[in-house]
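As structure tokens, the structure follows; a few thoughts come after it.
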Amino acid sequence: MDPGLCITHCTDYLFKFVALSNGSECRCGKSKSLQGFTKVNDTNCNITCVGNSSYICGGAKSYIIYDAETSLPSHKPPNITINEKLAIINNLKNDDLYLGCIKESPYCNQRMFNGTSQNLPNMTIDKCIEICEQNNFKYVGLEIGTQCFCTNNYNNVNQLDISECSSNCGGNNSQICGGPLAISVY
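So for the sequence shown, our numbering puts the first residue at 30; every next one is plus one.
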């Protein structure tokens, strides 16, 4: 996650404002949404973006706010080369546990994986598998680098190209943990 990715996501759904927090959480809102925020000192926004530490993505209890229509930040490359990213994605095809990349619903009440979920800045594939196994779930879904979802059933009708799941895992840059509205399924 980085501000540009969050802004692109929010403008796709016609939202005017973007709020980033905790290194990986992207929220979209309209102008009335700003009324719910209180301005705090900028030093409270001190967590680098998961998967692209060139940017700051808010703080533990603080949001960095962007006007999605006017403030698309210039792109800074992530801490991994494109060749390294392509090698990681190609290796997924050889992973027996990997079941594919599926489209996630943008609506909270229509999530593809409706069991246990956790958002951890240091998420890895193994950590998510452990979370789901501890809660007796069969399938593991990772989204946008830090989010882990579990379920016993899922529908792969919304299969995406493997390249849509391209977010590095927060806890291991050499792993892929989904993408924006894209779930890596194991």
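Just so it is clear, CB atoms sit at the ideal spot from N, CA and C, and this is done for glycine as well.
Exercise. Note down the Cα distance separating D155 from L189, rounded to an integer number of angstroms.
Key: Here the question's residue 155 lines up with position 126 in the sequence shown. Here the question's residue 189 lines up with position 160 in the sequence shown. Distance from the CA of D155 to the CA of L189, rounded to the nearest whole angstrom, comes to 22 Å.
Quiz item: In the DSSP assignment, what are the bridge partners of F46?
Solution: What you label residue 46 is simply residue 17 of the sequence shown in a count that begins at 1. DSSP output for F46 lists G58, D96 as bridge partner(s).
Self-check item: Selected residue, minimal CA-CA separation from L43, among V214, E54, G33, K59
Solution: Residue mapping note: residue 43 aligns to position 14 of the sequence shown, counting from 1. When each option's Cα is compared against that of L43, the closest is K59.
Quiz item: When DSSP labels each residue in this structure, what does K167 get in the three-state scheme?
Solution: Residue 167 sits at position 138 when you count from the first residue of the sequence shown. Of the three classes helix, strand and coil, the one that applies to K167 here is coil, per DSSP.
Quiz prompt | In chain order, each alpha helix (DSSP H) run of at least 4 residues that lies wholly inside the segment 149-201 | solution = Within the segment 149-201, the complete alpha helix (DSSP H) segments of 4 residues or longer fall at 154-163, listed in chain order.
Quiz item: Does the ligand PLP have a heavy atom nearer than 7 Å to the CB of C198?
Solution: The model on display carries no ligand, and the ligand PLP is accordingly not part of it.
Quiz item: Do you know offhand how far D124's Cα is from Y215's?
Solution: The residue you call residue 124 lines up with position 95 of the sequence shown. The residue you call residue 215 lines up with position 186 of the sequence shown. Distance between the alpha carbons of D124 and Y215 is about 9 Å.
Practice problem: Could you check how far apart the C-beta atoms of T153 and G200 are, in whole angstroms? I think they sit under 8 Å. | Solution: Start at 1 with the first residue of the sequence shown, and residue 153 comes out as number 124. Start at 1 with the first residue of the sequence shown, and residue 200 comes out as number 171. About 4 Å separates the two Cβ atoms, so the contact holds.
Quiz prompt | Candidates C194, S192, E193, I93, of which the one nearest N51 by Cα | solution = By 1-based counting over the sequence shown, the position of residue 51 is 22. The residue among C194, S192, E193, I93 with its C-alpha nearest the C-alpha of N51 is I93.
Exercise. Starting from the Cα of V186, find the closest Cα among N165, Q176, C206, G129 and give me that residue.
Key: Here residue 186 refers to the residue found at position 157 of the sequence shown. Closest option to V186, Cα to Cα, is G129.
Self-check item: For A211, the first and last residue of its enclosing beta strand (DSSP E)
Solution: Position 182 of the sequence shown, counted from the first residue, corresponds to residue 211. Here the beta strand (DSSP E) through A211 covers 211-214.
Quiz item: Between the Cα of S195 and the Cα atoms of E159, N81, I76, N70, which residue gives the shortest distance?
Solution: On the sequence shown, residue 195 is found 166 positions in, with the first residue counted as 1. Out of E159, N81, I76, N70, the CA that lies nearest to the CA of S195 is found in N81.
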